[in-house]
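Residue numbers (UniProt numbering): 1 to 130.
We treat Cβ as the ideally placed atom computed from N, Cα and C, and that holds for glycine.
Because the structure is a prediction, the values reported are computed rather than measured.
Below you'll find the structure, written out as structure tokens, and then a few comments.
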């Protein structure tokens, strides 16, 4: 199978549900996930996984239990180390690319009703190349 490029704008436009990650790619036990974020999520941590949040559109606020809130703007990223309690937040819809181990749950050690399994991105190859 020949690798295909993914158009991020088309990929993000293919879904609207917030805090419901989509798997755009898998490599070496890691996943590239896309998520739309709006509103405050739950404070949580991932005891065994680091997470990278890359803002594609909008502005992400990352609240930390033991530190200042950080603002991540379009084109910027932040790495949240394993075990650090954090809470993503966005006033307006924010497009975020996440890079994390395949085992990472969106709610980390908290679980609960906001836990969502990452589902495959439903964008055809033609859409992904446009």
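Measuring C-alpha to C-alpha distances from residue 57 to each of 29, 93 and 68 identifies 93 as the nearest. It is roughly 15 angstroms from the alpha-carbon of residue 81 to the alpha-carbon of residue 30. Secondary structure of residue 64 (DSSP, three-state): strand. Residue nearest to residue 45 within the set 21, 86, 36 and 79 is 86 (criterion: CA-CA distance). Secondary structure at residue 15: coil, using DSSP grouped into helix, strand and coil.
With 16 or more other Cβ atoms from the protein chains shown falling within 10 Å of its own Cβ, residue 36 counts as buried. Distance from residue 5 to residue 116 at the Cβ level is roughly 26 angstroms; contact not present, criterion being Cβ atoms closer than 8 angstroms. Within the DSSP secondary-structure output, residue 30 pairs in a beta bridge with 27 and 101.
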